[in-house]
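Right, one structure below, let's go through it.
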Amino acid sequence: MRRKAGWRQRPVRTIGIKLCAIACTIDHFCFVKDEKIPKSVLRIGIPMLVHYVTDEPTKIPAIRAMLEPQHKVESLLLGAIDKQAISSGVLMVDADLRRSAPVEQIKRVLRDLHSVSEKLFVVQSHLNHMVAQAYALGATSVVSRPKEILSKLEQIEIAQKSAQAGTVDAPPKNANSAVAFASMFSAVRSGKPFKLSDAENATSDIINGIEKNGLSVWLDDVRRYHEGTFQHCLLVTGVAVGFALDLKFPDADVKQLGLAATLHDIGKARIPLSILDKPGRLDPSEQEIMMRHPVIGYELLQAIPDITPAILDGVRHHHEYLDGSGYPDALTAPEISDLVRLLTISDIFAALIESRPYRPAMSRQDAYKILRTMDGKLERSLVKAFRRPALSA
Ligand SMILES: [Fe+2]
Ligand SMILES: [Fe+2]
Numbered sequence: 001m002r003r004k005a006g007w008r009q010r011p012v013r014t015i016g017i018k019l020c021a022i023a024c025t026i027d028h029f030c031f032v033k034d035e036k037i038p039k040s041v042l043r044i045g046i047p048m049l050v051h052y053v054t055d056e057p058t059k060i061p062a063i064r065a066m067l068e069p070q071h072k073v074e075s076l077l078l079g080a081i082d083k084q085a086i087s088s089g090v091l092m093v094d095a096d097l098r099r100s101a102p103v104e105q106i107k108r109v110l111r112d113l114h115s116v117s118e119k120l121f122v123v124q125s126h127l128n129h130m131v132a133q134a135y136a137l138g139a140t141s142v143v144s145r146p147k148e149i150l151s152k153l154e155q156i157e158i159a160q161k162s163a164q165a166g167t168v169d170a171p172p173k174n175a176n177s178a179v180a181f182a183s184m185f186s187a188v189r190s191g192k193p194f195k196l197s198d199a200e201n202a203t204s205d206i207i208n209g210i211e212k213n214g215l216s217v218w219l220d221d222v223r224r225y226h227e228g229t230f231q232h233c234l235l236v237t238g239v240a241v242g243f244a245l246d247l248k249f250p251d252a253d254v255k256q257l258g259l260a261a262t263l264h265d266i267g268k269a270r271i272p273l274s275i276l277d278k279p280g281r282l283d284p285s286e287q288e289i290m291m292r293h294p295v296i297g298y299e300l301l302q303a304i305p306d307i308t309p310a311i312l313d314g315v316r317h318h319h320e321y322l323d324g325s326g327y328p329d330a331l332t333a334p335e336i337s338d339l340v341r342l343l344t345i346s347d348i349f350a351a352l353i354e355s356r357p358y359r360p361a362m363s364r365q366d367a368y369k370i371l372r373t374m375d376g377k378l379e380r381s382l383v384k385a386f387r388r389p390a391l392s393a
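Residue numbers (the working numbering): 1 to 393.
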């Protein structure tokens with residue numbers, strides 16, 4: 001199927017916020033299951049090296065007791081670290097990110113150790129506002145509880161051993177776009193302007209990566225290396241781009257849909273992290289706050305020069321359904337553009353396949369089956385066309 005450049009636009013009416021039980025769940029799909037640490041991998045050869053960086057020496061014995069002998073722990077005390085030449089293993093940063101001294105010291109350490117690809121930050125679960133700080137510093141994962149630390153280290157070890165065995169490519173191919181997403185979110189969160197060109201560059205990187213390596217490799221990389229809102233936005237963009245490429249859209253439309261996907265949840269940067277990162281089902285008042293993000297994003301972007309009406313439409317309406325049960329404007333089919341229809345399918349699919357600390361990632365097959373049950377809400381012919389990129393691209 002080849003479509004002409006340019007999006008079919010439909011008139012938009014605004015009838016105010018309508019809360020709707022089904023629509024509100026998509027951004028916070030809660031399949032809370034019993035937490036399980038993955039089965040131990042077969043351990044062959046030397047244990048993985050964990051470079052534990054902390055500002056608190058009394059924490060070191062407990063970390064050693066938890067991680068050894070499964071992993072080899074090398075402790076590095078902030079402020080007492082000489083320039084290190086480390087390139088293997090994983091960096092685990094456990095320091096008080098509320099204070100400027102350790103933050104500055106961490107920046108220096110990370111500059112020296114830029115060749116270590118895995119940077120795991122430990123943030124106490126009640127300090128959710130520090131999660132953004134960790135990502136802004138360059139975290140590739142943020143964990144809080146011991147179970148999460150062990151589980152994450154196990155995932156990393158499996159990935160690194162696979163890479164050494166030559167079964168997967170080691171370096172994340174999405175590193176630049178991930179950094180762009182992190183800095184975009186942290187700029188918006190702290191009330192600073194962000195550049196549209198950063199979002200465009202991140203989108204172009206993703207398009208190039210998927211054109212070169214295919215969607216599957218790209219999705220696996222994102223799920224292995226990133227978490228939370230960044231992971232979600234990267235996945236939605238990748239899925240939307242993969243969808244558009246599979247439909248053989250003209251370049252301009254691939255870029256437009258990709259950029260709408262990159263920016264679709266930018267409004268979440270203004271949602272409190274205690275809600276955004278809540279490891280469980282949101283209560284009704286939290287859901288109501290979460291459901292404001294499309295309008296927040298739309299209002300944030302309206303002020304940006306060069307933003308197109310199609311992007312604004314995508315950001316505001318990616319939770320609308322054809323049957324009028326979506327939000328924030330309860331649009332119905334004639335008012336929902338093609339771009340929004342594609343973006344909504346990509347958004348739901350990405351939300352289902354992303355991994356979260358409290359639930360395993362759903363398989364692409366199961367996620368696609370759920371889309372098939374949403375007849376009446378999503379355009380049937382598009383869901384059908386989505387089958388190939390969803391399952392095999
Ligand atoms: Fe959203
Ligand atoms: Fe989303």
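Ideal Cβ placement from N, Cα and C applies to all residues, glycine included.
{"Check": "Tell me which same chain residues have a C-beta within less than 7 Å of the C-beta of Ile401, skipping the five on either side of it?", "Outcome": "Given a span of 1 to 393 for the chain in the structure shown, any question on residue 401 remains unanswerable."}
{"Check": "What number of angstroms, rounded off, separates the C-alpha of Leu76 from the C-alpha of Tyr52?", "Outcome": "6 Å"}
{"Check": "With DSSP run on the structure shown, which of helix, strand or coil describes Lys72?", "Outcome": "strand"}
{"Check": "By the DSSP assignment, the alpha helix (DSSP H) with Tyr298 in it spans what residues?", "Outcome": "293 to 302"}
{"Check": "CB-CB under 6 Å to Gln105, same chain, minus the five flanking residues each way: which ones, in chain order?", "Outcome": "Leu78, Gly79"}
{"Check": "Ligand 2 and Asp94: does the residue's C-beta get closer than 7 Å to at least one heavy atom of that ligand?", "Outcome": "no"}
{"Check": "Count the other C-beta atoms from every protein chain shown that fall within 10 angstroms of the C-beta of Ser274, then say buried if there are 16 or more, exposed otherwise.", "Outcome": "exposed"}
{"Check": "Determine, for Pro305, whether the minimum Cβ-Cβ distance to residues of chain B falls below 8 Å.", "Outcome": "Structure shown: chain B not included; a single protein chain is present."}
{"Check": "Look up His317 in the DSSP assignment and say whether it is helix, strand or coil.", "Outcome": "helix"}
{"Check": "Glu335: which of Ile149, Asn201, Glu379 sits nearest, CA to CA?", "Outcome": "Glu379"}
{"Check": "Less than 8 Å separating the beta-carbons of Glu354 and His232?", "Outcome": "yes"}
{"Check": "Along the beta strand (DSSP E) that carries Ser141, what are the first and last residues, could you check?", "Outcome": "141 to 143"}
{"Check": "Enumerate in chain order the residues of its own chain whose CB-to-CB distance from Thr262 is below 7 Å, with the five nearest sequence positions on each side excluded.", "Outcome": "Ala199, Ala202, Thr203, Cys233, Thr237"}
{"Check": "Report yes if the CB atom of Lys72 is closer than 8 Å to the CB atom of Pro102, and no otherwise.", "Outcome": "no"}
{"Check": "Answer yes if the stretch 340 to 353 comes into contact with the stretch 315 to 326, meaning at least three C-beta pairs across the two stretches below 8 Å, and no otherwise.", "Outcome": "yes"}
{"Check": "Among Lys384, Met362, Leu110, Gly138, which residue has its Cα nearest to the Cα of Asp220?", "Outcome": "Met362"}
{"Check": "Could you name the residues of the same chain whose beta carbon sits closer than 8 Å to that of Leu382, not counting the 5 residues immediately before and after it, in chain order?", "Outcome": "Arg341, Leu342, Ile345"}
{"Check": "Can you say whether Lys119 is buried or exposed, counting buried as having 16 or more other CB atoms within 10 angstroms of its CB?", "Outcome": "buried"}
{"Check": "So Leu49 and Glu74 are in contact, right, with Cβ under 8 Å, and what is the actual spacing, rounded?", "Outcome": "6 Å"}
{"Check": "Among residues of its own chain, excluding the 5 on either side of Ser392, which ones have a beta-carbon nearer than 7 Å to its beta-carbon?", "Outcome": "none"}
{"Check": "Give me the Cα-Cα distance between Asp96 and Lys152, rounded to the nearest whole angstrom.", "Outcome": "21 Å"}
{"Check": "Give the straight-line distance between the Cα atoms of Pro389 and Thr229, rounded to the nearest whole angstrom.", "Outcome": "22 Å"}
{"Check": "Cα separation between Glu68 and Val122?", "Outcome": "18 Å"}
{"Check": "Between the Cα of Leu91 and the Cα atoms of Lys107, Gly326, Ser100, which residue gives the shortest distance?", "Outcome": "Lys107"}
{"Check": "Which one or two residues does DSSP pair with Tyr52 in a beta bridge?", "Outcome": "Ser75, Met92"}
{"Check": "Out of Gly280, Pro193, Ala310, Pro360, which has the shortest C-alpha to C-alpha gap to Ser337?", "Outcome": "Ala310"}
{"Check": "What residue does the beta strand (DSSP E) around Val122 start on, and which one ends it?", "Outcome": "118 to 122"}
{"Check": "Give me, in chain order, the residues of the same chain whose beta-carbon lies closer than 7 Å to that of Gly376; leave out the 5 immediate sequence neighbours on both sides.", "Outcome": "Leu322, Asp323"}
{"Check": "Would you mind reading off the limits of the alpha helix (DSSP H) that contains Ala199?", "Outcome": "196 to 213"}
{"Check": "Mapping DSSP to helix, strand and coil, what is Pro283?", "Outcome": "For clarity, residue 283 is Asp in the given sequence; the question names Pro instead. DSSP places Asp283 in coil when its eight states are reduced to three."}
{"Check": "How many angstroms separate the CA atom of Met291 from the CA atom of Ser216?", "Outcome": "30 Å"}
{"Check": "Going by beta carbon distance, what residues of the same chain come within less than 6 Å of Ala244, once the five residues before and after it are set aside?", "Outcome": "Val254, Leu257"}
{"Check": "Where Thr308 and Leu196 are concerned, what is the direct C-alpha to C-alpha distance, given to the nearest angstrom?", "Outcome": "11 Å"}
{"Check": "Checking 8 Å against the spacing of the C-beta atoms, do Val241 and Ile207 come in under that value?", "Outcome": "yes"}
{"Check": "Could you give the uninterrupted runs of the beta strand (DSSP E) lying entirely in the stretch 307 to 388, keeping only those of 3 residues or more?", "Outcome": "none"}
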